[in-house]
Amino acid sequence: MDTAYVYSEKPVLAAQLVGLAKSFEVKEVLAIAFDDESSAALSNCGADGIIELSGDSAMPENNARSLASWLSDAFAVDPGLLIVGATSIGRDLSARVAGYLDCGFSGDIISAELAEDDAISTTRSEYGGAVVLAETLPLPAVITVPAGRFDAASGAASIIDKGTLEPDTRIEVTGTTPIVKEGIDLSRAKAIVGVGMGFSAREDIALAEDLAAVIDAGIGCTRGIAEERHWLSTEQYLGLSGLTVAPDLYVAVGMSGQVQHLAGVRDSKVIVAINKNEEAPIFKAADYGIVGDLYEVLPALTAALK
Amino acid sequence: MSHFLNEDQQLIVNSVREFCQSPTVQKMIQEEKAVGGFPHQSWKAAAEQGYIAAYLPEEYGGMGYDHVTYYSIFEELCKNSYPCTGPISGHILGIKAIEAWGTDEQKKMFLPQLGSGEKICCGAATDPAGGTNFSEWGLTEEETEDGWILNGTKVITTNAHNADYKVVFGRPQNGAKWYDHFYVIPKDAKGLETGEQEMKLVPDGSDWGTMVLKDVHVPKICRFERGDKDALWLGTSYMMVALQSLVLGEAGFMYAFGFATQRSRRGGKLIDLQTVAHKIADMAIRNEAGRGLIYTAARMWDEGRKEECSRLASMAKAFICEAANKNLHDATIIHGGIGNTMPATVGVLWAASLQLELAEFPCDMHRDFVIESYGVDLDWKTR
Amino acid sequence: MSDTAMQRYVVCYKWVLDEADIRVLDDLKVDMTRAKGKVSDFDRSAIEAAMRAAEAQGAGESQDKALEVHALTFGDAEVTRSLKDALSRGPAEGWTIAGEAAKTADGRVSAQALAAGIKAIPNVSCVFAAEGASDTYARQIPSRIAAILDWPLISSVLTLKIEGDELIATRKLEDCLQNVRVTLPAVVSVLPEDYEPRTPGLKAVMAAGRKPTHELGSAELGFDPNDVASPMLSPKRLNVSQIGYAAARKNIIHKGLSADEAAQSVASALRKEGVV
Numbered sequence: 001m002d003t004a005y006v007y008s009e010k011p012v013l014a015a016q017l018v019g020l021a022k023s024f025e026v027k028e029v030l031a032i033a034f035d036d037e038s039s040a041a042l043s044n045c046g047a048d049g050i051i052e053l054s055g056d057s058a059m060p061e062n063n064a065r066s067l068a069s070w071l072s073d074a075f076a077v078d079p080g081l082l083i084v085g086a087t088s089i090g091r092d093l094s095a096r097v098a099g100y101l102d103c104g105f106s107g108d109i110i111s112a113e114l115a116e117d118d119a120i121s122t123t124r125s126e127y128g129g130a131v132v133l134a135e136t137l138p139l140p141a142v143i144t145v146p147a148g149r150f151d152a153a154s155g156a157a158s159i160i161d162k163g164t165l166e167p168d169t170r171i172e173v174t175g176t177t178p179i180v181k182e183g184i185d186l187s188r189a190k191a192i193v194g195v196g197m198g199f200s201a202r203e204d205i206a207l208a209e210d211l212a213a214v215i216d217a218g219i220g221c222t223r224g225i226a227e228e229r230h231w232l233s234t235e236q237y238l239g240l241s242g243l244t245v246a247p248d249l250y251v252a253v254g255m256s257g258q259v260q261h262l263a264g265v266r267d268s269k270v271i272v273a274i275n276k277n278e279e280a281p282i283f284k285a286a287d288y289g290i291v292g293d294l295y296e297v298l299p300a301l302t303a304a305l306k
Numbered sequence: 307m308s309h310f311l312n313e314d315q316q317l318i319v320n321s322v323r324e325f326c327q328s329p330t331v332q333k334m335i336q337e338e339k340a341v342g343g344f345p346h347q348s349w350k351a352a353a354e355q356g357y358i359a360a361y362l363p364e365e366y367g368g369m370g371y372d373h374v375t376y377y378s379i380f381e382e383l384c385k386n387s388y389p390c391t392g393p394i395s396g397h398i399l400g401i402k403a404i405e406a407w408g409t410d411e412q413k414k415m416f417l418p419q420l421g422s423g424e425k426i427c428c429g430a431a432t433d434p435a436g437g438t439n440f441s442e443w444g445l446t447e448e449e450t451e452d453g454w455i456l457n458g459t460k461v462i463t464t465n466a467h468n469a470d471y472k473v474v475f476g477r478p479q480n481g482a483k484w485y486d487h488f489y490v491i492p493k494d495a496k497g498l499e500t501g502e503q504e505m506k507l508v509p510d511g512s513d514w515g516t517m518v519l520k521d522v523h524v525p526k527i528c529r530f531e532r533g534d535k536d537a538l539w540l541g542t543s544y545m546m547v548a549l550q551s552l553v554l555g556e557a558g559f560m561y562a563f564g565f566a567t568q569r570s571r572r573g574g575k576l577i578d579l580q581t582v583a584h585k586i587a588d589m590a591i592r593n594e595a596g597r598g599l600i601y602t603a604a605r606m607w608d609e610g611r612k613e614e615c616s617r618l619a620s621m622a623k624a625f626i627c628e629a630a631n632k633n634l635h636d637a638t639i640i641h642g643g644i645g646n647t648m649p650a651t652v653g654v655l656w657a658a659s660l661q662l663e664l665a666e667f668p669c670d671m672h673r674d675f676v677i678e679s680y681g682v683d684l685d686w687k688t689r
Numbered sequence: 690m691s692d693t694a695m696q697r698y699v700v701c702y703k704w705v706l707d708e709a710d711i712r713v714l715d716d717l718k719v720d721m722t723r724a725k726g727k728v729s730d731f732d733r734s735a736i737e738a739a740m741r742a743a744e745a746q747g748a749g750e751s752q753d754k755a756l757e758v759h760a761l762t763f764g765d766a767e768v769t770r771s772l773k774d775a776l777s778r779g780p781a782e783g784w785t786i787a788g789e790a791a792k793t794a795d796g797r798v799s800a801q802a803l804a805a806g807i808k809a810i811p812n813v814s815c816v817f818a819a820e821g822a823s824d825t826y827a828r829q830i831p832s833r834i835a836a837i838l839d840w841p842l843i844s845s846v847l848t849l850k851i852e853g854d855e856l857i858a859t860r861k862l863e864d865c866l867q868n869v870r871v872t873l874p875a876v877v878s879v880l881p882e883d884y885e886p887r888t889p890g891l892k893a894v895m896a897a898g899r900k901p902t903h904e905l906g907s908a909e910l911g912f913d914p915n916d917v918a919s920p921m922l923s924p925k926r927l928n929v930s931q932i933g934y935a936a937a938r939k940n941i942i943h944k945g946l947s948a949d950e951a952a953q954s955v956a957s958a959l960r961k962e963g964v965v
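Shown next as structure tokens:
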């Protein structure tokens with residue numbers, strides 16, 4: 001493969017995709033944009049060039065068919081890789097491109113490496129996070145990558161080629177309502193304190209907040225706290241069907257450590273666990289643990305970190 | 307459930323579990339608990355699903371299932387702590403009486419609404435003098451031109467107040483030594499009053515109370531005669547109680563096992579102590595023995611082996627209701643001091659299990675029924 | 690109403706192994722031998738979405754013959770066992786594509802098989818699917834099916850409504866809700882949030898066994914689902930292996946110390962790690 005292509009409607013994520021592509025040591029890494037504004041936003045993403053393929057559509061996803069056709073021509077000469085940021089838009093678009101190209105696809109990858117004979121080897125999660133699947137896709141192929149997995153590249157990037165796409169016009173956007181998020185964006189937090197079902201009363205979450213204040217952390221929780229007890233919002237629920245985060249530090253307080261929750265936090269750099277049951281699975285997933293009553297240990301940890 | 311369910315039966319049990327655990331049902335259960343009183347919403351939801359009396363033929367509001375399947379459904383509801391399992395059990399007692407001793411006309415009158423769960427019934431047997439202390443009952447039954455006039459009291463009856471139809475057992479006649487007739491009385495009958503609710507040792511807000519009959523007139527069509535039919539069907543009602551105990555017995559095992567495998571003692575686990583391990587093994591043994599008795603008896607019933615079923619049903623009731631109490635007692639003790647605190651569920655369940663030892667006759671009476679089934683004439687029954 | 694005039698919504702579902710029964714052994718090998726099959730959790734919501742969309746237009750389970758929901762699945766020979774479960778949730782008829790090729794299938798193969806199945810079913814105006822299956826959660830099938838059929842795709846659907854041949858949906862994206870409209874035929878992939886599946890009552894479970902089912906083979910599909918060498922059914926991936934997830938953590942666990950002692954020890958370690 002000489003050229004790898006990256007696309008994300010989110011410029012920060014696009015730069016991370018460039019970072020990943022650069023690790024493959026290909027001749028060039030090109031970022032795709034669908035309009036002037038997007039090209040401009042990619043001006044520092046570190047790509048070797050920007051391909052501006054303009055198609056007039058309110059939905060980037062509608063460019064899938066036409067983009068696949070454009071890539072098909074490129075891949076006929078040089079079977080390559082399309083790396084797309086794993087967002088709702090990205091997942092929709094990327095798999096459709098893979099469908100039109102009738103090529104291999106690996107979504108929400110954990111890791112990716114170039115393999116011999118023009119192929120890409122990836123790993124990804126299955127079965128709720130309990131299993132890691134490794135597979136090798138012959139090129140051309142499409143993969144998607146979640147935000148925060150890889151370090152972003154940087155450096156000036158400019159448009160080196162332009163083209164036009166014919167977006168699929170069958171779907172019409174009739175309106176958009178922004179979703180207002182309250183509180184810290186946990187996906188950007190450097191530290192998070194997780195509240196589990198071991199807390200007896202809603203007011204006791206204050207103990208977690210005390211620790212969070214000292215270490216400048218956000219507050220997350222398990223599914224039960226958000227969806228059953230409704231003590232915290234669903235935006236704070238970390239887990240397989242909630243948020244996936246990778247802070248530098250995750251402090252898991254009063255939770256047993258179910259697989260579905262761990263799947264959302266296991267990429268944290270350091271995990272600390274506090275639980276009164278030494279058999280709790282959370283301790284296997286932790287770097288540091290304290291077996292004890294959270295009502296004693298949590299305030300002690302807060303004090304020790306002041 | 308039976309260890310030998312076929313694919314269809316497994317699908318049915320899975321659908322019951324899915325129902326109980328669905329967010330909508332969970333929410334409904336929480337809301338009902340907060341309000342208290344008879345769980346009408348849960349009852350309706352279970353009725354809509356077809357669970358109430360699924361063993362009845364479709365013409366009577368059931369699904370035409372066999373008893374192995376029906377008990378598997380009921381057990382699954384108990385396992386998931388579905389609110390109206392106690393009420394369903396009381397309801398079934400009344401239904402089975404109607405089904406067994408009713409004429410076709412009488413069955414058509416009552417079963418469709420009761421089988422579907424549209425209406426609720428109860429089986430009122432216990433007189434304040436004692437359920438089988440017939441000669442000292444206070445109940446009087448006076449025959450008139452067109453029916454009967456009843457005066458008396460029935461106590462500790464499940465669904466006493468909420469039942470739309472009360473199945474009220476009369477005093478055995480003409481030298482009979484066991485129940486031989488009953489009346490079906492609608493809740494709005496003149497002279498029928500609901501008395502007090504009993505407060506159980508472990509209050510669960512259930513309807514378990516008294517009804518008072520003051521010159522209640524019952525038309526002929528509402529009196530059901532046993533005639534020369536048998537009372538073997540009672541076994542299939544006893545097993546509803548046994549199933550509830552089985553689930554409690556299994557809870558005892560799970561609490562004990564969970565605690566003992568997590569609790570540390572001198573660097574090891576509590577379950578490493580052989581005495582503790584053996585106590586827990588005995589719990590599992592009792593549960594499997596009880597399960598075997600219940601589902602064997604159920605299969606006997608399904609195959610028309612009524613007498614064998616009746617014997618095993620009383621064995622099941624006597625055995626598993628006491629076994630559940632024993633399991634929960636031992637589980638509570640294994641928990642140590644904590645077992646004796648609120649809100650340690652295991653201790654509460656132990657106290658609650660008493661109810662099932664006593665419901666539909668205490669276990670000692672079932673030992674009587676077992677020995678009777680071997681051809682022994684019991685003194686208290688022949689006197 | 691003639692059969693050819695009857696419209697169908699086809700909902701694709703997958704029969705997966707229950708992830709709760711999977712065991713990861715000490716050597717990280719994955720033991721799936723105890724896992725039982727189930728209709729993927731999210732697919733139950735997709736079935737629910739299809740049923741609600743049809744019922745809102747007056748389609749009853751067995752009454753109205755102008756519009757029906759049908760279920761379609763691709764799997765190995767065992768997959769026919771999944772039909773009763775799927776049909777108990779509302780669809781009027783079930784279609785299976787069963788063959789050896791399912792054992793080695795990747796998303797490409799599954800989508801090819803399902804798309805061929807959809808083409809073989811008469812009068813399909815809308816295809817429903819979940820965003821992903823509870824085992825792989827790859828989130829590619831609906832997109833690929835749409836591409837193969839060259840139908841429009843609406844993904845990440847929170848709610849939808851169909852009136853005649855117009856489909857209106859609200860999509861939930863990361864930072865906004867997007868309202869869209871499309872003329873059928875189309876493919877929709879739904880989020881489970883607003884589509885809590887109805888639990889089949891006993892009558893529905895019983896009725897499921899009596900609903901018509903069809904097995905699609907070479908004649909209808911143009912390929913034999915058992916023919917792993919067929920170009921339609923060859924996966925676009927090699928060297929597939931599964932290994933249990935192992936957290937490579939330090940596992941320095943303090944027990945038996947006082948809260949203060951343990952806290953001091955952890956605090957100092959965290960400072961050394963540079964995370965506080």
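Residue numbers (my numbering), protein chains in the order written: chain Z, 1 to 306; chain V, 307 to 689; chain B, 690 to 965.
Note that beta-carbon positions come from the ideal geometry of N, C-alpha and C, so glycine has one too.
All values derive from a computational prediction rather than experimental measurement.
Environment of residue i [buried if 16+ CB atoms lie within 10 Å]
{"i": "I398 of chain V", "result": "buried"}
{"i": "F310 of chain V", "result": "exposed"}
{"i": "Q580 of chain V", "result": "exposed"}
{"i": "M690 of chain B", "result": "Confidence is the limiting factor: at M690 of chain B the pLDDT is only 42, short of 50, which leaves the residue's position unreliable and the question unanswerable from this model."}
{"i": "A313 of chain Z", "result": "Since the first residue of chain Z shown is 1 and the last is 306, residue 313 of chain Z is not available in this structure."}
{"i": "K535 of chain V", "result": "exposed"}
{"i": "R266 of chain Z", "result": "buried"}
8 Å Cβ cutoff met for residue i and residue j
{"i": "V547 of chain V", "j": "K460 of chain V", "result": "no"}
{"i": "E313 of chain V", "j": "R733 of chain B", "result": "no"}
{"i": "P914 of chain B", "j": "G726 of chain B", "result": "no"}
{"i": "N940 of chain B", "j": "A280 of chain Z", "result": "no"}
{"i": "E324 of chain V", "j": "T762 of chain B", "result": "no"}
{"i": "I179 of chain Z", "j": "L866 of chain B", "result": "yes"}
{"i": "E203 of chain Z", "j": "I219 of chain Z", "result": "no"}
{"i": "V508 of chain V", "j": "A650 of chain V", "result": "no"}
{"i": "L717 of chain B", "j": "A935 of chain B", "result": "yes"}
{"i": "G973 of chain B", "j": "I736 of chain B", "result": "This structure does not reach residue 973 of chain B, given that chain B is present from 690 up to 965, and the question cannot be answered."}
Residue(s) in a DSSP beta bridge with residue i
{"i": "S659 of chain V", "result": "None, per the DSSP bridge assignment."}
{"i": "T762 of chain B", "result": "B:T785"}
{"i": "E531 of chain V", "result": "V:H487"}
{"i": "M517 of chain V", "result": "V:K460 and V:T500"}
beta-carbon residue i near the ligand COA non-hydrogen atom, thresh 7 Å
{"i": "T446 of chain V", "result": "Absence of the ligand COA is noted for the structure shown, with no ligands found whatsoever."}
Q: Check whether the region 261-279 of chain Z touches the region 288-297 of chain Z, taking contact to mean three or more Cβ pairs, one atom from each stretch, closer than 8 Å.
A: yes
(Q) Extract the residue ranges of the alpha helix (DSSP H) inside the region 405-478 of chain V, only unbroken runs of 4 or more that lie entirely within it. (A) 410-422
Q: Could you tell me whether the region 97-117 of chain Z touches the region 157-164 of chain Z, using the rule of 3 or more Cβ pairs below 8 Å?
A: no
**Q.** Residue ranges of each alpha helix (DSSP H) within the region 534-603 of chain V, 4 or longer
**A.** 540-568
Q: Indicate whether the contact test is met: 3 or more Cβ pairs, each with one atom in the region 462-478 of chain V and one in the region 428-441 of chain V, closer than 8 Å.
A: yes
Q) Mind pulling the alpha helix (DSSP H) runs of 4 or more residues that sit fully within the region 72-133 of chain Z? A) 88-101
Q.
Taking contact to mean 3 or more Cβ pairs, one atom from each stretch, closer than 8 Å, check whether the region 624-643 of chain V and the region 592-608 of chain V are in contact.
A. yes
Q: Output the residue ranges of the alpha helix (DSSP H) runs that lie fully inside the region 12-78 of chain Z and measure 4 residues or longer, sorted by chain position.
A: 36-41 and 64-77
Q: Indicate whether the contact test is met: 3 or more Cβ pairs, each with one atom in the region 826-838 of chain B and one in the region 795-805 of chain B, closer than 8 Å.
A: yes
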